[in-house]
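With the UniProt record's numbering applied, the sequence shown has no gaps in its numbers, which climb one by one up to 587 at the end. As structure tokens, the structure follows; a few thoughts come after it.
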Amino acid sequence: MTNHWIDYQNTDVFLVLGTNPAENHPIAMRWIDRARETRGAKLIVVDPKFTRTAAKADLYVPIRPGTDIAFLGGLMNYAMTHGRYFHDYVVKYTNASYLIHPDFKFEDGLFSGAQVGEDGQVKYDTTTWQYQRDEDGNIKKDPTLQHPQCVFQLMKKHYSRYTPEMVAETCGMSVEEFLEVAELFTSTGRQDRAGNIMYAMGITQSTHGSQNVRAVAMLQLLLGNIGIPGGGVNAHRGESNVQGSTDMAMLWNNLPGYMPMPSAAQHPTLEAYQATTPKSGYWSNRRKFMVSLLKAWWGDHARPENDFAYDYLPKLDNRDHSHMSIFEAMGRGEVKGLFAWGQNFAVGGPNVAKERAALANLDWLVVVDLFETETAAFWKGPGMNPAEIQTEVFLLPAAASFEKCGTVTNSGRWIQWRDKAVEPPGDAHDDLWIADRLYKKLRELYATEGGVFPDPILHLHWDYDDGDHPSSAKVAFEINGYTWADRKGLTTFADLKDDGSTACGCWIYAGYFDNFETPRCRSRVKDEPGKTLGTHLGWAWAWPVNRRILYNRCSMDEHGQPWDPERPLFRWDGEKYIAQDVADFAA
């Protein structure tokens, strides 16, 4: 989420796509209702199903599954053709005024530069996709947004095909219904209104889920709804720490902090990986983030002369290792073993029959969970013959959330420490204990029996012991980051270095656990009276650098005054900023 649950109280119009907060996210619904009660906010629900959220909506419109891009494209077209976009915001805070190469085109479903290879696949020469630059290398711009090659005009031309009639026919709604949604939501494309788009797996669990979310972001940028109180692109996570799991790179193509996973073919060296680093923005510091991560993982074995142990880091091959692709590989017999760590594949995927059949191809399966799940018992499920299944299944009893300590990161990126309430029952252990024992046994076996390239395992910097149990606090401190020489905790990712002098397990978390006595994630201080926006900077810690609304410079005009004086995230008093958030600019 770019914003937070509590910030929903500042919204004027909600657009709910592929989520059902009335049933699945009651805290979200609490603050939606607060906005409706206190500021007359309107709630729009666009969903194939008439959900309980739809039953509470001011406007409900059904949509044909899989047509979200046409619907969102129609909203963008409506905003641009009817002048219902926030012009000054778009000029100042987006690339809409930038001029693109004069030969850039989009024809017959293909962008310019399309080339069909020998394998029949389309590949692109992206020369014509670049910005026009002057003799000094600066990007050429047209702040009037009228130049035919500026991003805005190219976008306007591209989305002109998404007429109300085309959208209605594609999405299975009437023209009148679409226009009612368009009129209401694009009313937020001005400085005194805020529109909030909320979504969940209804638009992301799709073959074009990424494109759906990108379209949402583009619409919100057009309307000036990013970086402001009451605005944002806000994903409703399904469990209290789903955000934390993605922050820590549970996705196959990420490293912690959303750094891209290197490719063995394209990034064989740290220098090759660095060549893909953006030239501007805080991602320009990615080498510092990466070197500090390698230092955290391999310690004294990560040195300048060996590229900070970059060779130890696993790298992607040319195969897709996402959820369904893994099960397809299992179905082909290419995977010998699988850990199901808090996951229930046998009932949780889009094709459970295929996934259960794939599990039967494994040599072994380890399930770490609170009880025997359908995945642990897949071999005795419908259509299965236990006598024919050779998969050896191990079920490890795990501790529940209140039976272990550590942090959880909610949808709004707030990281909160949670203490253990009770001991886990019987032979159950928490996940950290299980991972710690597993690693130490693997290290022992590699040390005694050897193996192919054992160094990454043998040289891991694994310093979490606290008696008989690994310390969650020590893990948190490593994630936070510290100076290698004297083990002083870091307070911001700006302190990270690329010379091996800092270690950090996840750069966006730098500052949340900078000491063991009073870490910021334990803080529980509410806003004092007079601060009405609900940012609560003293409550827990939000990544990055405790910022509650991402891209918050966009909440002000070029003179540093809030677009909306009634919702002043920052206000310049002539000498300093009066702030209700941590600025993403030099304040």
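By construction, the Cβ of each residue, glycine as well, lies at the ideal position given by its N, Cα and C atoms. Values in this document were obtained by computation on a predicted structure and should not be read as measured data.
Option nearest residue i by Cα separation, candidates the options
{"i": "V475", "options": "T491, K441, P454, D514", "result": "D514"}
{"i": "V291", "options": "D430, G505, V16, R548", "result": "G505"}
{"i": "R464", "options": "D363, A217, H4, A296", "result": "In the sequence as presented, Arg is not what sits at residue 464; that position holds Tyr. Selected option, being the one with the closest Cα: A296."}
{"i": "S501", "options": "I139, D300, Y131", "result": "D300"}
{"i": "residue 625", "options": "V242, S187, V175", "result": "Any answer about residue 625 is impossible in this case: the structure gives the chain only from 1 up to 587."}
{"i": "L222", "options": "G412, M259, G172, R84", "result": "R84"}
{"i": "T373", "options": "E423, C405, A340", "result": "A340"}
{"i": "L145", "options": "V368, G66, K92", "result": "K92"}
{"i": "N361", "options": "P386, F371, D369, L370", "result": "P386"}
{"i": "T188", "options": "F477, Y89, D527, A358", "result": "Y89"}
{"i": "G172", "options": "R161, V116, T67, I226", "result": "T67"}
{"i": "Q343", "options": "D369, P424, K441, F111", "result": "D369"}
{"i": "W298", "options": "D486, S210, P456", "result": "P456"}
Three-state secondary structure assigned by DSSP to residue i
{"i": "W433", "result": "helix"}
{"i": "G202", "result": "helix"}
{"i": "W414", "result": "strand"}
{"i": "V175", "result": "helix"}
{"i": "P48", "result": "coil"}
{"i": "T502", "result": "strand"}
{"i": "N253", "result": "coil"}
{"i": "R443", "result": "helix"}
{"i": "R303", "result": "coil"}
{"i": "L533", "result": "coil"}
{"i": "R567", "result": "coil"}
{"i": "C150", "result": "strand"}
{"i": "M29", "result": "helix"}
{"i": "K576", "result": "coil"}
{"i": "Y273", "result": "helix"}
{"i": "T483", "result": "strand"}
{"i": "K354", "result": "helix"}
{"i": "K157", "result": "helix"}
8 Å contact criterion, which residue i and residue j should meet: CB distance rounded
{"i": "M1", "j": "N234", "result": "4 Å"}
{"i": "D58", "j": "L43", "result": "5 Å"}
{"i": "V366", "j": "F394", "result": "5 Å"}
{"i": "Y446", "j": "L438", "result": "Contact flag wrong, Cβ pair sits at about 13 Å."}
{"i": "H4", "j": "W414", "result": "7 Å"}
Contact check, residue i vs residue j, beta carbons under 9 Å
{"i": "R520", "j": "G534", "result": "no"}
{"i": "P397", "j": "A428", "result": "yes"}
{"i": "L99", "j": "Y131", "result": "yes"}
{"i": "G224", "j": "G231", "result": "yes"}
{"i": "G281", "j": "F14", "result": "no"}
{"i": "N552", "j": "F570", "result": "yes"}
{"i": "Q9", "j": "A28", "result": "no"}
{"i": "W543", "j": "S523", "result": "no"}
{"i": "D247", "j": "T409", "result": "yes"}
{"i": "P164", "j": "Y258", "result": "no"}
{"i": "H536", "j": "I6", "result": "yes"}
{"i": "D11", "j": "R30", "result": "At residue 11 the sequence reads Thr, which differs from the Asp that was named. Not closer than 9 Å, so no."}
{"i": "L460", "j": "R443", "result": "yes"}
{"i": "M155", "j": "A70", "result": "no"}
{"i": "V422", "j": "F453", "result": "no"}
{"i": "H208", "j": "W252", "result": "no"}
{"i": "I203", "j": "L17", "result": "yes"}
Neighbourhood of residue i by C-beta distance below 7 Å, restricted to the same chain and skipping five residues each side
{"i": "T126", "result": "G113"}
{"i": "Q274", "result": "R287"}
{"i": "A249", "result": "L255, P256"}
{"i": "M556", "result": "P562, W563, F570"}
{"i": "G217", "result": "According to the sequence displayed, residue 217 carries Ala and not Gly. Counting only Cβ-Cβ distances below 7 Å, and skipping sequence neighbours, we find V233."}
Sequence-distant residues of the same chain with beta carbon closer than 8 Å to residue i, five excluded per side
{"i": "E566", "result": "D192"}
{"i": "G337", "result": "L362, D363, W364, L365, V366"}
{"i": "A264", "result": "K315, L316, D317"}
{"i": "A357", "result": "G331"}
{"i": "R117", "result": "Note on identity: in this sequence residue 117 is Gly, with Arg being the wrong assignment. Closer than 8 Å at Cβ, skipping near neighbours: K123."}
Same chain, Cβ closer than 6 Å to residue i, neighbours up to 5 away in sequence not counted
{"i": "D430", "result": "A399, K404"}
{"i": "D585", "result": "Note on identity: in this sequence residue 585 is Phe, with Asp being the wrong assignment. Closer than 6 Å at the Cβ level, and outside the excluded window around F585, lie R553."}
{"i": "residue 612", "result": "No answer is possible for residue 612: the residues shown for the chain start at 1 and end at 587."}
{"i": "N20", "result": "T51, T53"}
{"i": "V582", "result": "V545, N546, R547"}
{"i": "L219", "result": "L72, L75, M76"}
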